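Here is the structure we will look at.
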Amino acid sequence: MGMHQDMSLNSATRVALEDLLTEFAWRVDHGHGDRVHELFIEVGSISAPGLTLNSRNEIASAFGQRAADANRVSRHLWSNPRFEELDSHRVRVVTVVQTFFHTMQEGEQTPVPNNNFVVGDSTDVIRRDDDGCWRFESRQLQVLFAPGS
């Protein structure tokens, strides 16, 4: 059975979900990875090839280390969102994601040549918390295209 586009979500909910997706990318790409954990519920998780984080604390630690690496440059893009309401407090959102990344070498400046990118699908379950804010319950990245693949 295929996933269907849920047309019952109101515009305000869709905007809130899209804002959350964008905020995640902005924090990771602009040196605020140490605040990414705030976008997750306490038992939130992220899984991707080579990465499994199973709590807000694990997310804070991993993305805090990433934010401390001033040589890492990245841009995360998402598009083509598909929404599926799971219940009154949870929505599954599937997006196409593109991530470009580079580690700056000493003396190197932007723009940099970029041959490092991945393209895939992100399947997110997003939950409306008791405070009314939408936060990630889980993020799962399936990589479809990668450097050298």
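In numbering that gives the first Met the number 0, the protein residues as written are 0 to 148. Every residue gets a Cβ at the ideal spot worked out from N, C-alpha and C, and that includes glycine. Quantities reported herein were computed from a predicted structural model and do not represent experimental measurements.
Straight-line Cα distance separating Arg55 from Glu37: 8 Å
Span of the alpha helix (DSSP H) around Ala24: Ser10 to Asp28
Euclidean distance between Cα positions of Arg65 and Arg89: 29 Å
Nonlocal neighbours in the same chain, by C-beta distance under 7 Å from His101, ignoring five residues either side: Val72, Val111, Asn113 and Asn115
Contact belief for Val141 with Asp120 at Cβ below 8 Å, rounded distance in angstroms: Note that residue 141 is Gln in the sequence shown, not Val. Indeed they touch by this definition, with Cβ atoms about 5 Å apart.
Host beta strand (DSSP E) of Arg34 (start-end): Where Arg34 is concerned, there is no enclosing beta strand (DSSP E), given that its DSSP letter is neither H nor E.
Residue(s) in a DSSP beta bridge with Asp123: Val92 and Arg138
Three-way DSSP call (helix, strand, coil) for Gly131 in this model: coil
Contact with chain C by Gly147, beta-carbon distance below 8 Å: The structure shown has no chain C; it contains just one protein chain.
Ser46 and Gln139 closer than 8 Å at C-beta: yes
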